[in-house]
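Colleague:
2 protein chains.
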Amino acid sequence: MRCMAPARTEPADDTAADTDLPPAKPSLRERKKIQTRQAIRRTAYRLFEKQGYDATPVDQIAEEAEVSPSTVFRYFPTKEDIVLTDEYDPLIEETLRQRPPNEPPVTALREALYSSIARIYQADAAETLQRIRLIREVPALRGRMSEHSAETAWLLRRALAERTGRAEDDLELRIVTGAMLGALMEAMYSWVDTGTAGTLEDLRALVTRALGVLERGLTL
Amino acid sequence: MRCMAPARTEPADDTAADTDLPPAKPSLRERKKIQTRQAIRRTAYRLFEKQGYDATPVDQIAEEAEVSPSTVFRYFPTKEDIVLTDEYDPLIEETLRQRPPNEPPVTALREALYSSIARIYQADAAETLQRIRLIREVPALRGRMSEHSAETAWLLRRALAERTGRAEDDLELRIVTGAMLGALMEAMYSWVDTGTAGTLEDLRALVTRALGVLERGLTL
DNA sequence: ACCGTCCTGACAGTAACTCTCAAGTGGGAG
DNA sequence: CTCCCACTTGAGAGTTACTGTCAGGACGGT
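Sequence lines, in order, name chains A and B.
Heads up: the first sequence begins at 1 in my numbering, then just goes up one per residue.
Heads up: the second sequence begins at 1001 in my numbering, then just goes up one per residue.
See the structure below:
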């Protein structure tokens, strides 16, 4: 397979994360869309688990989810996006903005990441675990993930720039966000490595240690 | 296009980097292989520059380089690899091993990275610049690059583990390498951002500042 | 019940690979 | 110099991830 770089125009529209259930009942059409989205993703996850990511063509996912292949691509611009859908960035950003403005930036970042991670994990623990496992094991997904985290870094940078009054492309800011994301990524992978069942507490502890290392200036 | 995850079995064999010219004259066959490799890459870079990465099909590269499409894929397992060939990891590793063993790990890493970067840059400055520019601008390449730097991180980790006597999968070690690579990546991007002509001195300065931020515990 | 809008499936087309096989070239042995 | 084996190349067919178009059907308000 390959992974060209398509327009990459995420829908990013109204279709809410299928993990939160707002009490307001959307129209029948909307509900069907959410159902279809879930069906595709669930089917995909099941097949990936059974026979592997690469060995699972989109056509098969479509067939077993009982939709046409075109529909799959309408919901997920790329096969990778079936795994990597994350609307987490706005969540992180919002959480970060709610931190007291006088708080030191790294602390604010740490706390924001803490609560974001907790919320993401609690939304669907099993699926989150499987997702991270897939990301770690499938090179294409890892690549796409890091690609995405570059955007996250940019977002964090903007937020930090606002806080500190520095320019958005300030080198020190770039370094800080790059280092934090790099460290956190390792913590994540380390988390899924520790046995099969990572718990939220484990994750918190790992993140704490990771950020601790950063704050101590990478001393061992 | 897409980017599945093929066997990813890099040739990684004898074909030396086309940048260094060892005095020993290899056989005619070997020389032809190197020529072909260079021809493909040069043609590709020229076309990428002219019409963009995504807008340049492999078939066109093959045609203009006067080889068959199959040959292109024989030399570079994926289109991305035409840009991302780097045999730098062994270089970094060797340089790192040559540092005095009693040197503090982060210092050793810094010095090893310094000289490696300098050597890579000096081998072919123009091409290096164009490569980094491409990596920054093409999402697929960025993704693949970070994927690769995960391997580099692993390599660094092993070297550090040796030095410090820690386990290879030690969390702190992962954090340190992850953070350093994250920070260095940002420094690189920042380097190509500053005007069109990044100089080696600029790069050194950026790396110094980046590692300085890390050593100060991400204080701004 | 009607009608415009949104959604879906069928289909054709592009491009990145992958595999196989036959023909050509290099290099060493005699 | 010649013969032969090993390596390399080109050609072609096949798979898979997408992309765009178009017609039919369902939804939802009037």
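Idealized CB from N, CA, C, for every residue including glycine.
Could you say which of B:Thr1043, B:Ala1183, B:Val1058 and B:Ile1034 lies nearest to Pro1077 (chain B) if we only look at CA atoms?
Modeller: Ranking the options by Cα distance to Pro1077 (chain B), first place goes to B:Val1058.
Colleague: Can you find a CB in chain A that lies within less than 9 Å of the CB of Leu1220 (chain B)?
Modeller: At least one chain A Cβ lies under 9 Å of Leu1220 (chain B).
Colleague: In three-state DSSP terms, what is Val176 (chain A)?
Modeller: Note: Val176 (chain A) maps to helix in three-state DSSP.
Colleague: Using only alpha-carbon positions, find the residue among A:Glu186, A:Glu93, A:Leu84 and A:Phe73 that is nearest to Ser115 (chain A).
Modeller: Comparing Cα-Cα distances from Ser115 (chain A) to each of A:Glu186, A:Glu93, A:Leu84 and A:Phe73, the minimum goes to A:Glu93.
Colleague: Can you say whether Lys79 (chain A) is buried or exposed, counting buried as having 16 or more other CB atoms within 10 angstroms of its CB?
Modeller: The residue is buried, with at least 16 neighbouring Cβ atoms inside 10 Å.
Colleague: Scan the region 1134 to 1155 of chain B for residues whose Cβ lies nearer than 7 Å to a Cβ of chain A and list them as they occur along the chain.
Modeller: Going along the region 1134 to 1155 of chain B in chain order, one finds Val1138, Pro1139, Ala1140, Arg1142, Gly1143, Arg1144, Ser1146, Glu1147 and Ala1150 with a Cβ nearer than 7 Å to chain A.
Colleague: Below 8 Å on C-beta distance, what does Leu1206 (chain B) contact in chain A?
Modeller: Result: Leu171.
Colleague: Does any CB atom of chain B fall closer than 9 Å to the CB of Ile175 (chain A)?
Modeller: Cβ-Cβ to chain B under 9 Å: yes for Ile175 (chain A).
Colleague: Distance, Cα to Cα, Val213 (chain A) vs Val1176 (chain B)?
Modeller: Roughly 7 Å separates the two Cα atoms.
Colleague: Residues in its own chain within less than 8 Å of Leu96 (chain A) by CB, not counting five upstream and five downstream?
Modeller: Within the same chain, Leu96 (chain A) has close Cβ partners Ala108, Leu109, Ala112, Leu156 and Ala159.
Colleague: Name the chain B residues whose beta carbon is nearer than 8 Å to that of Ser115 (chain A)?
Modeller: The contacting residues do not exist; Ser115 (chain A) stays about 20 Å from chain B at best.
Colleague: Flag this pair as yes or no: are the beta carbons of Met1180 (chain B) and Leu1084 (chain B) separated by less than 9 Å?
Modeller: No; because the gap between Cβ atoms is not below 9 Å, this pair is not in contact.
Colleague: Please list, in chain order, the chain B residues whose beta carbon lies closer than 8 Å to that of Pro105 (chain A).
Modeller: Ordered by position in chain B, the residues that pass the 8 Å Cβ test against Pro105 (chain A) are Leu1220.
Colleague: Going straight from the alpha carbon of Ala1044 (chain B) to that of Ile1120 (chain B), what length do you get?
Modeller: One C-alpha to the other measures close to 20 Å.
Colleague: Return the chain-ordered ranges of every alpha helix (DSSP H) run that is complete within the region 82 to 109 of chain A and spans a minimum of 4 residues.
Modeller: Complete alpha helix (DSSP H) runs here, min 4: 88 to 97.
Colleague: Against chain B, which members of the region 58 to 76 of chain A pass a CB distance test of less than 9 Å?
Modeller: Here the close residues number zero.
Colleague: Would a C-beta distance cut-off of 9 Å place Asp1169 (chain B) and Ser27 (chain A) closer than the cut-off?
Modeller: No.
Colleague: Could you check whether the Cβ of Thr85 (chain A) sits closer than 9 Å to any Cβ belonging to chain B?
Modeller: No, Thr85 (chain A) lies away from the interface with chain B (no Cβ there is under 9 Å from its Cβ).
Colleague: Quick one: grab the DSSP three-state call for Ala1062 (chain B).
Modeller: It is helical.
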